[in-house]
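Undergrad: Residue numbers (the numbering used here): 1145 to 1392.
First the structure, which I've put down as structure tokens, then a few questions once you've had a look.
Now the structure itself:
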């Protein structure tokens, strides 16, 4: 558990991909910092929500289905009267494949979850946020979205899309009280990397000057800051969490 916390008392947060990895770490940190939390995932949201604490609302939904996303946001607002924070942590790494090995199904899965899912969640969350004149949206992108990784055309493209839409939506709602930012991590020690080939993982680690995987707590700490009231003058920005890899 990170030693740094922020005051989220009275704030209502929705975390997608909240049943594992970065999502569960963020959901736990926000909850322990006083937020009312909705935990959205396709697998095990009930179990993980119960493990985090009483009052965490489990929401089962596929972020690729915009109607399911809209219903989840509506349930959070109906329960708590508002939505202050959205953390888009739902994502899939896809398989480690050379370009000619990527079939339509693989491409559509990765782009659907990572890119289309992120957009659908932002669009749904923006409605109550704009009405109340306050909101913080934090999207989880990747260094791959800036540099592109071999054996990861779909993943790299999807995370580039997350960065691009963060910049666009951040500008689109500037001045409304809603701030939209993203983080660009190097590999994080989560179940997501389990499906990557050793060649793929070693390539990514070889490019990280700090020479290790990031932890979910390190990611959660940065995301919580971006989601807090302390963040006041950045929007449409990508925040580095790459262990020194990124140069821009």
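C-beta: ideal position from N, C-alpha, C; glycine also.
What does residue 1359 pair with, by DSSP beta-bridge criteria?
TA: Note: residue 1359 sits in no beta bridge, so no partner.
Undergrad: Whose C-alpha, out of 1206, 1310, 1250, 1381, is nearest the C-alpha of residue 1161?
TA: Residue 1161 has its Cα closest to that of 1206, out of 1206, 1310, 1250, 1381.
Undergrad: How is residue 1263 classed by DSSP in three states: helix, strand or coil?
TA: Residue 1263 falls in the helix class under three-state DSSP.
Undergrad: At what residue ranges does the region 1271-1330 contain a whole run of the beta strand (DSSP E), taking only runs of 3 or more?
TA: Counting only runs of 3 or more, we get 1279-1284, 1322-1329.
Undergrad: Would residue 1377 be called buried (16 or more neighbouring beta carbons within 10 Å of its own) or exposed?
TA: Per the 10 Å Cβ criterion, exposed.
Undergrad: Checking 7 Å against the spacing of the C-beta atoms, do residue 1182 and residue 1203 come in under that value?
TA: In this structure, residue 1203 lies closer than 7 Å to residue 1182 by Cβ.
Undergrad: With distances taken from CA atoms, which of 1268, 1314, 1328, 1276 is nearest residue 1289?
TA: Cα-wise, what sits closest to residue 1289 is 1328.
Undergrad: What is the residue span of the beta strand (DSSP E) that residue 1184 lies within?
TA: Residues 1180-1185.
Undergrad: How about residue 1211 and residue 1179: do their beta carbons lie closer than 7 Å?
TA: No, these two residues do not count as a Cβ contact at 7 Å.
Undergrad: Here's a check: name, in chain order, each residue in its chain whose Cβ is nearer than 6 Å to the Cβ of residue 1258, leaving out the five neighbours to either side.
TA: Cβ within range, chain order: 1235, 1302.
Undergrad: When you compare each of 1153, 1209, 1232 to residue 1310 by their alpha carbons, which one comes out closest?
TA: The residue with the shortest Cα to Cα distance from residue 1310 is 1232.
Undergrad: Thinking C-alpha only, which one of 1256, 1318, 1305, 1216 is nearest residue 1268?
TA: Ranking 1256, 1318, 1305, 1216 by Cα distance to residue 1268 puts 1216 first.
Undergrad: Span of the alpha helix (DSSP H) holding residue 1217?
TA: Unbroken alpha helix (DSSP H) run through residue 1217: 1210-1224.
Undergrad: Can you name the start and end residues of the beta strand (DSSP E) that residue 1192 belongs to?
TA: From DSSP, residue 1192 is part of no beta strand (DSSP E) but of the alpha helix (DSSP H) over 1189-1196.
Undergrad: Assuming residue 1230 is part of the beta strand (DSSP E), what are its boundary residues?
TA: Here the beta strand (DSSP E) through residue 1230 covers 1229-1232.
Undergrad: Return the residue from the list 1283, 1159, 1296 that minimises the CA-CA distance to residue 1247.
TA: Nearest of 1283, 1159, 1296 to residue 1247, Cα basis: 1296.
Undergrad: Please confirm whether residue 1277 and residue 1321 have their CB atoms less than 7 Å apart.
TA: Cβ atoms of residue 1277 and residue 1321: closer than 7 Å.
Undergrad: Take residue 1343 and list the residues in its own chain whose beta-carbon comes closer than 8 Å to its own, dropping the five residues that flank it on each side.
TA: Around residue 1343: 1240, 1295.
Undergrad: Which residues does DSSP pair with residue 1384 in a beta bridge?
TA: In DSSP, residue 1384 forms a bridge with 1328.
Undergrad: Mind checking which residues open and close the alpha helix (DSSP H) that includes residue 1169?
TA: Note, residue 1169: alpha helix (DSSP H), 1165-1176.
Undergrad: Nearest-angstrom Cα distance between residue 1222 and residue 1272?
TA: Approximately 11 Å, taken between the alpha carbons.
Undergrad: Mind checking whether residue 1285 and residue 1307 have CB atoms under 7 Å apart?
TA: Against a cut-off of 7 Å, the Cβ pair of residue 1307 and residue 1285 comes out as a contact.
Undergrad: With 16 other CB atoms within 10 Å as the buried threshold, where does residue 1335 fall?
TA: By the 10 Å Cβ count, residue 1335 comes out exposed.
Undergrad: Select from 1227, 1209, 1151 the residue whose C-alpha is nearest the C-alpha of residue 1159.
TA: Taking only the C-alpha atoms, the option nearest residue 1159 is 1227.
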